[in-house]
Every structure is written in C-alpha cells, then in structure tokens.
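Q:
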Amino acid sequence: MHGIPEEFYSGWLSRWREGEGVSLHEGAMPPERWMQQIWRHQRLRRGELRCADGRRVRVLHPGFWNREPGPDFRGAVLQFGENEVVTGDVEIDLQPAGWFGHGHAVNPAYSRVVLQVVWETGGRAVERAVLPMAPFLDCPLEEMGPWLEDEAVSRVPPTTPGRCCGPLRRQPTERVVALLEQAARARLDRKVAELGSRGRSLGWSVVLWEAVFGALGYKHNVWPMRRMAEVVSQAPEGDEVMVWEARLLGLAGLLPAELPRGPAGGFVRSLWDHWWRERSAWLGSELPVSVWRLGGFRPANHPTRRLALAARWLALPDWIQRVEQFFLAEQNSRGRLARWVALLTPERQEARTGTDAFWSEHWTLRSRWQGGPLPWIGPARATDLAINAVLPWLLARAAAGDLPGDHGSMQAQLVRRWMEWPSGQDNADLRFARRRLWGGAAPGVRWTAARQQGLLQVRRDFCLAAGSLCAGCRFPRMIDILDGAGMASGGPRP
Ligand code: SF4
Numbered sequence: 006m007h008g009i010p011e012e013f014y015s016g017w018l019s020r021w022r023e024g025e026g027v028s029l030h031e032g033a034m035p036p037e038r039w040m041q042q043i044w045r046h047q048r049l050r051r052g053e054l055r056c057a058d059g060r061r062v063r064v065l066h067p068g069f070w071n072r073e074p075g076p077d078f079r080g081a082v083l084q085f086g087e088n089e090v091v092t093g094d095v096e097i098d099l100q101p102a103g104w105f106g107h108g109h110a111v112n113p114a115y116s117r118v119v120l121q122v123v124w125e126t127g128g129r130a131v132e133r134a135v136l137p138m139a140p141f142l143d144c145p146l147e148e149m150g151p152w153l154e155d156e157a158v159s160r161v162p163p164t165t166p167g168r169c170c171g172p173l174r175r176q177p178t179e180r181v182v183a184l185l186e187q188a189a190r191a192r193l194d195r196k197v198a199e200l201g202s203r204g205r206s207l208g209w210s211v212v213l214w215e216a217v218f219g220a221l222g223y224k225h226n227v228w229p230m231r232r233m234a235e236v237v238s239q240a241p242e243g244d245e246v247m248v249w250e251a252r253l254l255g256l257a258g259l260l261p262a263e264l265p266r267g268p269a270g271g272f273v274r275s276l277w278d279h280w281w282r283e284r285s286a287w288l289g290s291e292l293p294v295s296v297w298r299l300g301g302f303r304p305a306n307h308p309t310r311r312l313a314l315a316a317r318w319l320a321l322p323d324w325i326q327r328v329e330q331f332f333l334a335e336q337n338s339r340g341r342l343a344r345w346v347a348l349l350t351p352e353r354q355e356a357r358t359g360t361d362a363f364w365s366e367h368w369t370l371r372s373r374w375q376g377g378p379l380p381w382i383g384p385a386r387a388t389d390l391a392i393n394a395v396l397p398w399l400l401a402r403a404a405a406g407d408l409p410g411d412h413g414s415m416q417a418q419l420v421r422r423w424m425e426w427p428s429g430q431d432n433a434d435l436r437f438a439r440r441r442l443w444g445g446a447a448p449g450v451r452w453t454a455a456r457q458q459g460l461l462q463v464r465r466d467f468c469l470a471a472g473s474l475c476a477g478c479r480f481p482r483m484i485d486i487l488d489g490a491g492m493a494s495g496g497p498r499p
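Following this note's numbering, the residues of the sequence shown are numbered contiguously, the last one being 499.
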C-alpha cells in the first residue's frame with residue numbers, strides 16, 4: 006500500500022508539537038518570536054490601538070523585520086494621536102521592564118526606537134510610547150496558535166541535502182504525492198482559519214481585499230499593499246478607474262512629485278488633478294515612498310502597475326461577485342486558469358476611455374514608451390491570487406455559513422478546485438525545499454499548485470525549525486513510519 010492514512014501529516018505534527026510543549030492556552034504569555042510575527046503581520050485590531058499612556062497610535066507601516074542585533078523592526082511609520090507621522094524603529098519585549106532589563110535604554114543601537122510593543126503592561130503607567138499587544142489581538146491567542154507555529158520560525162539552513170533526502174528518494178511517487186497533498190491541506194486549513202477569524206471580526210470584503218492586495222505585493226511589498234487594502238475599506242464605492250488610481254497611488258506615495266517628460270507627464274498631471282481634490286480627506290494616511298521596494302524585479306511586478314490594476318478591479322461594482330461566481334459555478338476544469346486570467350484582465354473597452362491607454366504602453370509612470378499592448382497579469386500572479394487569496398477566502402466564508410447552498414458540498418468543491426489548480430511559478434523557496442528534501446528534482450512528482458504549497462509547508466514545519474544540520478527534525482522518522490515501521494502498532498509516534 007503506497008497511500009497514507011487520512012490526516013496523517015497534521016496528526017503527526019500536532020502530536021510532535023504537543024510533545025515539544027509548543028502550545029497555547031488561555032492566559033498564556035507567548036514567546037517574543039510569536040509577538041514578532043503578530044506585529045509583523047499586524048494581527049491586531051489596528052483601528053483601536055492605544056499606547057499605555059492613552060495616546061492613539063496608527064501603524065502606517067510596521068517596519069522591516071530585523072534578524073540582526075538591534076531593534077526588532079526597522080523603519081516603521083507611525084502616527085501618535087494627531088501628531089506628525091514619524092519613522093523609526095520598534096522593539097518587541099514581553100513587558101515594559103525589558104527596555105531597561107535588556108539594556109536597550111543605554112544602547113545607542115536603540116536610539117531610533119519610537120515604540121516599544123509589549124504583551125501587556127499590567128496596568129502600570131509608562132511614560133514612553135509603549136503599546137500593549139494583548140488587548141488588541143484580532144482573534145483569541147489560542148485561535149492564532151497554529152498560524153503562529155507556522156510563522157514563528159527563526160533559523161534558515163543552507164541548501165545542502167537534508168537527512169530525509171535518502172529515505173524520501175526511496176519512497177514510491179504515489180506516497181510522496183499523498184504526503185505533499187496532506188501537508189498542502191494542513192496549510193490550506195490554517196490559512197482558512199486565519200481568514201475566517203479576521204473575516205468574522207473585520208468583515209469579509211475587507212479580508213478579501215487584504216488577501217488580494219497582499220498577493221499583488223508579493224514578495225517584497227506585501228505590507229504596504231495590505232495597507233492599501235485598509236484604505237479601500239474606508240473609501241466610498243462607485244468611483245471611476247481614474248479616481249481609484251489617483252487615490253491608491255497618492256496614498257501609496259507613488260505619484261511622482263515632478264512631472265516626467267513626454268506623454269507620461271500629461272498622464273501624471275491628470276492623476277495629480279484627481280488626487281489634489283481628495284488629498285486633504287486622507288491627511289496622515291499617505292505612505293512615505295521609502296516603505297516600497299521599487300527595484301530588483303520585472304517591471305510587470307512594479308507596485309505602481311499593480312495598484313493601477315487593483316484600481317480597475319475596485320472600479321467594477323460587481324468585481325467581488327464575478328470572482329465568487331467564477332469559483333462557485335460548475336465548470337469544466339480544462340482552461341480554468343486561462344479563464345481566470347481573462348477575468349482578472351481589465352476589459353478592452355477601458356482602453357477607449359483613454360485612462361488606460363497609458364498603461365497599455367508603459368510599465369510604470371516613469372518607464373519609456375513600450376509600444377504595447379502590455380499584459381496586466383499573467384498566469385503566475387493569477388495562480389497566486391487563486392491559491393493564496395480567493396479560494397481560501399471562499400472556504401472561510403463557506404465554513405462560516407456565509408455562502409448560499411449546502412456548505413459541506415460547497416467546501417468539498419472549493420477544496421477540489423484548490424487541489425486541482427495547475428502549478429504556479431517556481432521560486433527560490435521551492436528550489437530550496439527540493440534541494441533539501443531530494444537533493445534536486447523530486448523524481449516522478451507532477452507538480453500542481455497544491456503540491457507546491459505542500460512542499461512549502463514541509464519546509465516551514467520541519468526545515469526552517471530544524472537548522473542546517475536537521476537537528477531534532479522528525480520528518481525522517483515520519484517517513485520511516487510510512488515505510489511500515491510504526492503503522493501496525495496503533496498509529497505513529499513522533
Ligand atoms: S530539516 Fe528535516 S525535512 Fe528539512 S531537510 Fe532536514 S531532515 Fe529533511
């Protein structure tokens with residue numbers, strides 16, 4: 006028998022983690038590395054944040070996670086009360102006393118810290134800017150547990166083949182595929198649970214736009230893109246493409262202060278004309294351009310172009326319904342990706358309005374004329390949107406009973422679609438994992454997007470937590486058990 010028992014992967018993992026004492030319970034104080042992930046991903050009710058001294062704090066950017074010595078986050082962009090927006094560092098400590106206890110107060114490396122984030126202040130008044138995190142979580146800590154276990158990995162091993170490499174290469178392909186699909190399902194379930202808990206507290210459309218913008222920002226601009234999603238939820242509905250485009254680019258701080266030469270100059274001027282009209286209503290919400298990474302990728306991935314695309318979706322009053330319908334209606338799986346790309350591509354008649362004639366011939370607001378027509382979105386980004394944003398979001402809604410029809414069969418259909426989706430673009434994380442697990446290509450495995458997700462999950466669950474020498478990794482033991490060494494004796498023991 007080459008298959009594996011149902012939920013073998015997730016069952017094994019949770020027993021292992023229980024054995025390691027990695028669990029959360031009500032009233033528990035999490036380790037700092039989990040607090041770092043909560044801050045990094047802003048798993049907070051962001052509209053309600055208040056410092057211990059009562060000042061409101063708005064997080065325009067949480068800063069860049071620093072894994073070197075020094076403050077935990079560099080370059081955060083914050084606003085305290087109605088004061089000017091400030092840029093500085095953020096330090097995460099369990100308690101306010103950590104500021105002195107860890108010597109930060111006298112360490113020049115911490116001189117740019119503008120906010121200390123702690124778990125709780127214990128009701129004590131603190132004169133510095135100290136934000137207690139515990140009262141503002143976007144869902145109970147216990148509910149966040151599996152997601153935190155996923156995110157809070159800390160060590161990155163080199164890409165040498167791991168201890169599991171030999172045993173894994175000896176496994177029949179069918180078994181390897183079954184294992185990858187179970188890991189993928191575990192990953193999907195965690196994402197669905199995260200979206201569900203946020204959707205129930207923030208609203209489903211807010212959470213969809215967060216996920217969609219996050220996918221558009223992959224991989225270097227996820228956070229500022231998610232900030233744009235928050236703006237979407239505060240803006241009036243029914244505006245035209247040009248208004249949305251000017252609003253998003255203005256709020257992103259990506260409208261050039263000086264008009265470029267040539268046709269781009271006229272186009273940027275018309276964007277400014279729109280943005281000037283409403284800029285004062287968004288006072289304090291504009292991001293500094295420094296929060297964006299604007300180089301080192303293909304021009305099609307530039308955030309300016311991605312925001313222009315999002316503006317076109319936002320201007321369609323029924324865009325969310327179209328997306329829903331696409332995945333909920335019965336349809337042949339053949340050609341589904343091409344139809345999805347077509348749905349995400351702004352309609353041709355827009356070109357005749359003149360607003361996107363510019364984008365069909367330029368990659369960015371500063372790039373040269375390209376002759377066009379340039380594509381808005383390709384299969385790789387469309388796959389990412391389906392796999393990491395829209396399908397998990399629909400599953401979270403189905404689980405919450407927020408979709409019409411029979412929820413059980415709806416969930417089964419959505420999971421099937423997720424599992425069948427063709428493979429996405431290869432990337433450094435996938436190459437890293439293949440190299441660790443197989444020393445290179447995985448023999449015989451036909452990759453789908455779900456199997457790629459499963460591989461990323463194995464990497465996250467085992468490789469990133471174990472270190473370069475695979476110290477203490479239980480994945481090889483899991484494979485031994487699949488070989489029959491432990492199945493007969495009442496189930497696997499990590
Ligand atoms: S850490 Fe574990 S899963 Fe990763 S390569 Fe080493 S043995 Fe394999």
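Here a beta-carbon is modelled for each residue, glycine too, at the ideal position from N, C-alpha and C. Small disclaimer: the values here were computed from a predicted structure and weren't measured.
Within the present structure, is the beta-carbon of R2 separated from the nearest heavy atom of the ligand SF4 by less than 7 Å?
A: Here the chain covers residues 6 to 499 and nothing more, so residue 2 does not appear.
Q: With a threshold of 7 Å (Cβ to nearest heavy atom), would F437 be considered close to the ligand SF4?
A: Locating residue 437 in the sequence shown gives position 432, counting from the first residue. No, the ligand SF4 has no heavy atom inside 7 Å of this Cβ.
Q: By how many angstroms is the C-alpha of E215 removed from the C-alpha of L288?
A: If you number the sequence shown from 1, residue 288 lands on position 283. If you number the sequence shown from 1, residue 215 lands on position 210. Going from the Cα of L288 to the Cα of E215 covers about 22 Å.
Q: Would you identify the three-state DSSP class for A356, choosing helix, strand or coil?
A: Numbered from 1 along the sequence shown, position 351 holds the residue referred to as residue 356. Since pLDDT at A356 reaches only 48, below the 50 mark, its modelled position is unreliable, and the value read off the structure follows with that caveat. Three-state result, A356: helix.
Q: Would A15 be called buried (16 or more neighbouring beta carbons within 10 Å of its own) or exposed?
A: One-based indexing of the sequence shown puts residue 15 at position 10. It is worth fixing the name first, because residue 15 is Ser in this sequence and not Ala. When all chains shown are included, S15 counts as buried.
Q: Flag this pair as touching only if the segment 254–274 and the segment 290–298 have three or more C-beta atom pairs under 8 Å; answer yes or no.
A: In short, these stretches touch, since the Cβ pair count reaches three.
Q: Is F467 close to the ligand SF4? I mean its beta-carbon at under 7 Å from any heavy atom of the ligand.
A: Walking along the sequence shown from the start, residue 467 turns up at place 462. Because some heavy atom of the ligand SF4 lies under 7 Å away, the Cβ of F467 counts as near it: yes.
Q: Mapping DSSP to helix, strand and coil, what is H66?
A: Here residue 66 corresponds to residue number 61 of the sequence shown, with the count starting at 1. If DSSP states are grouped into helix, strand and coil, H66 belongs with the strands.
Q: Given 7 Å as the limit, tell me if A110 has its C-beta closer than that to any heavy atom belonging to the ligand SF4.
A: As a first step, residue 110 must be located in the sequence shown, where it is residue number 105. A110: no, Cβ never under 7 Å from the ligand SF4.
Q: What would DSSP say about I97, mapped onto helix, strand or coil?
A: Here residue 97 refers to the residue found at position 92 when the sequence shown is read from its first residue. Here I97 sits in strand by DSSP.
Q: Which residues mark the beginning and the end of the alpha helix (DSSP H) in which G219 is found?
A: Against the sequence shown, residue 219 aligns to sequence position 214. Taken as a continuous stretch (DSSP letters only), the alpha helix (DSSP H) holding G219 covers W209 to L221.
Q: Return yes when the C-beta of L18 is under 7 Å from any heavy atom of the ligand SF4, and no when it is not.
A: For the purposes of this step, residue 18 is taken as residue 13 along the sequence shown, with counting starting at 1. No, Cβ of L18 sits at least 7 Å from all heavy atoms of the ligand SF4.
Q: Using the rule of at least 16 other Cβ atoms within 10 Å of the residue's Cβ for burial, across every protein chain shown, is F13 buried or exposed?
A: As a position in the sequence shown, residue 13 is number 8, starting the count at 1. Per the 10 Å Cβ criterion, buried.
Q: Going by DSSP in three states, F78 sits in which element: helix, strand or coil?
A: Position 73 of the sequence shown, counting from 1, holds the residue named residue 78. Strand at F78.
Q: Taking a contact to mean a Cβ-Cβ separation below 8 Å, would you say A401 touches L419 in this structure?
A: Numbered from its first residue, the sequence shown carries residue 401 at position 396. Numbered from its first residue, the sequence shown carries residue 419 at position 414. It is not a contact, given that the beta carbons lie outside the stated cut-off.
Q: Comparing alpha-carbon positions, which option in E366, A134 and W345 lies nearest A269?
A: Mapped onto the sequence shown, residue 269 falls at position 264. For the residues E366, A134 and W345, the minimum Cα distance to A269 belongs to E366.
Q: Nearest to R310 by alpha carbon, out of V236, S372 and G106?
A: As a working mapping, residue 310 is identified with position 305 in the sequence shown. Cα-wise, what sits closest to R310 is S372.
Q: Taking contact to mean 3 or more Cβ pairs, one atom from each stretch, closer than 8 Å, check whether the segment 130–145 and the segment 424–441 are in contact.
A: Judged by Cβ distances under 8 Å, the segment 130–145 makes no contact with the segment 424–441, as fewer than three pairs qualify.
Q: Per DSSP, R61 is paired with what?
A: Taking the sequence shown and counting its residues from 1, one reaches residue 61 at position 56. R61 pairs with R55.
Q: Should H107 go down as buried or exposed, given a rule of 16 or more other Cβ atoms within 10 Å for buried?
A: To locate residue 107, count along the sequence shown from 1; it is residue 102. So H107 ends up on the exposed side.
Q: Please classify W39 as buried or exposed, where buried requires at least 16 neighbouring CB atoms within 10 angstroms.
A: Counting from 1 along the sequence shown, the entry for residue 39 is found at position 34. Its Cβ being crowded by 16 or more others within 10 Å, W39 is buried.
Q: In chain order, what residues of the same chain lie with their CB nearer than 6 Å to the CB of T388, ignoring the 5 residues before and after it?
A: Taking the first residue of the sequence shown as position 1, residue 388 is located at position 383. So the list reads G429 and A454, once near-sequence residues are dropped.
Q: Quick one, which of A198, P166, R61 and L18 has its alpha-carbon nearest L184's?
A: Your numbering for residue 184 matches position 179 in the sequence shown. Nearest of A198, P166, R61 and L18 to L184, Cα basis: L18.
Q: Alpha carbon to alpha carbon, what distance is there between V227 and A220?
A: Locating residue 220 in the sequence shown gives position 215, counting from the first residue. Locating residue 227 in the sequence shown gives position 222, counting from the first residue. Spanning the two alpha carbons is a distance of roughly 7 Å.
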